[in-house]
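Reading through the structure tokens given below for one structure.
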Amino acid sequence: MKALGLITVVAVLGAWLVWNAWNAFRLVTGARDGSWPRPMWWTRLCSVALFAGVAAWIRGLFATGLDTRKTCLFVHHERYDEAYRRTHGVEFDKIFPLHNMCNAHADLVPAWVNPTIAVCGVVALAAAAVLLWFVTAHAIRLSPPARKEHQS
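Quick note on the numbering used here: the sequence shown kicks off at 277 and runs consecutively.
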């Protein structure tokens, strides 16, 4: 059952990757040919921003490998401080911002990961707000005009 779940997750992420590769191309061509005022352009922007943010988060989440101590010592050549990790253990379990420290000065999560997640989140929220504006404007255009009743 776990294998089926893993295959499903990999298939969904693979399809999302292909979709966003196409969307990135269409965003550039849409910006050049002037189709950015259309809702689909903003949908694509939201999708690409979400994908980039999730990819950066996954990169930061798996930055340590399977053994944090060995990654600190042999990959990053940093001293592994067990006492520091015990004291600040709650900080490493947070979803955002991502941190996985070897000691007080060395973080295994690359420095670009947290700002990338934040910027992608802001871009996705802005694109979603523009899409909401499109939906609201379309609903207002479709609604019949309000009739004024004249009193005699």
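Don't be surprised by glycine CBs; every beta carbon is placed ideally from N, CA and C.
Can you tell me which residues form a DSSP beta bridge with residue i?
{"i": "M377", "result": "D383"}
Skipping 5 residues on each side, what residues in its chain have a beta carbon closer than 7 Å to that of residue i?
{"i": "A325", "result": "C396, V399, A400 and A403"}
Measuring alpha carbon to alpha carbon, tell me which residue in the options is nearest residue i.
{"i": "T319", "options": "N299, P391, R308 and G336", "result": "N299"}
{"i": "I371", "options": "P421, N390, F327 and M377", "result": "N390"}
{"i": "A297", "options": "F327, A279 and A287", "result": "F327"}
{"i": "A413", "options": "P313, L289 and V304", "result": "P313"}
{"i": "P373", "options": "T392, A359, Y360 and E358", "result": "T392"}
{"i": "A394", "options": "V286, L280 and V330", "result": "V330"}
Helix, strand or coil, according to DSSP, for residue i in the structure here?
{"i": "A422", "result": "coil"}
{"i": "F372", "result": "coil"}
{"i": "S311", "result": "coil"}
{"i": "M277", "result": "coil"}
{"i": "H414", "result": "helix"}
{"i": "W298", "result": "helix"}
{"i": "W439", "result": "Since the first and last residues shown for the chain are 277 and 428, residue 439 lies out of range."}
Considering only residues of the same chain and omitting the five flanking positions on each side of residue i, which have a CB-CB separation below 8 Å?
{"i": "L407", "result": "P315, W318, T319 and C322"}
{"i": "R335", "result": "P386 and V389"}
{"i": "L303", "result": "W317, R320, L321 and V324"}
{"i": "H352", "result": "C378, A382 and L384"}
Leaving out five residues before and five after residue i in sequence, what residues of the same chain have Cβ atoms less than 6 Å from its Cβ?
{"i": "N376", "result": "T340, F368, L384 and V385"}
{"i": "A382", "result": "E354"}
{"i": "C348", "result": "E354, Y356 and C378"}
{"i": "A332", "result": "V389, T392 and I393"}
{"i": "F410", "result": "P315"}
- [ ] Would you mind listing the beta strand (DSSP E) stretches within the segment 327-358 that are 3+ residues and don't spill past its ends, in chain order?
- [x] Here no run is fully enclosed.
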